[in-house]
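First up is the structure itself, then whatever we jot down about it.
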Amino acid sequence: MLNDVNVVIASGACPLSHSYFTSMDVQLVFVEPGTQIDSILDYLRKMPNEQQRTDERVD
11 MLNDVNVVIA
21 SGACPLSHSY
31 FTSMDVQLVF
41 VEPGTQIDSI
51 LDYLRKMPNE
61 QQRTDERVD
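Counting from 1 along the sequence shown, just add 10 to a position and that's the residue number in the numbering used here.
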């Protein structure tokens, strides 16, 4: 895995992928297909700091 990855944007993930990424301290952000990239970027800019990381969903 790339060392500089700290967020994965996905519309879904299997349990194995979810476990792998979260065990590597990578946050998963789930979005609906077709979500505008500007909405995703705005959400990521407003995300809580790393101390409060949780799996999130962008609606």
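Cβ coordinates follow ideal geometry from the N, Cα and C atoms, glycine included.
Could you spell out the range, first to last residue, of the beta strand (DSSP E) harbouring residue i?
{"i": "residue 20", "result": "17–20"}
{"i": "residue 41", "result": "37–41"}
Going by beta carbon distance, what residues of the same chain come within less than 8 Å of residue i, once the five residues before and after it are set aside?
{"i": "residue 51", "result": "none"}
{"i": "residue 18", "result": "31, 36, 37, 38 and 39"}
May I ask which residues mark the beginning and end of the alpha helix (DSSP H) holding residue i?
{"i": "residue 32", "result": "25–33"}
{"i": "residue 14", "result": "Looking at the DSSP string, residue 14 is not in any alpha helix (DSSP H), and its letter there is neither H nor E."}
Return the Cβ separation of residue i and residue j in integer angstroms, given the expectation that the two are a contact with Cβ distance under 8 Å.
{"i": "residue 41", "j": "residue 27", "result": "About 15 Å; that fails the 8 Å criterion."}
Spatial neighbours of residue i within its chain, please: C-beta separation below 7 Å, excluding the five flanking residues on both sides.
{"i": "residue 7", "result": "Absent from the structure is residue 7, since the part of the chain shown begins at 11 and ends at 69."}
Grab me the residues of residue i's own chain with a C-beta within less than 6 Å of its C-beta, minus the 5 sequence neighbours each way, in chain order.
{"i": "residue 49", "result": "none"}
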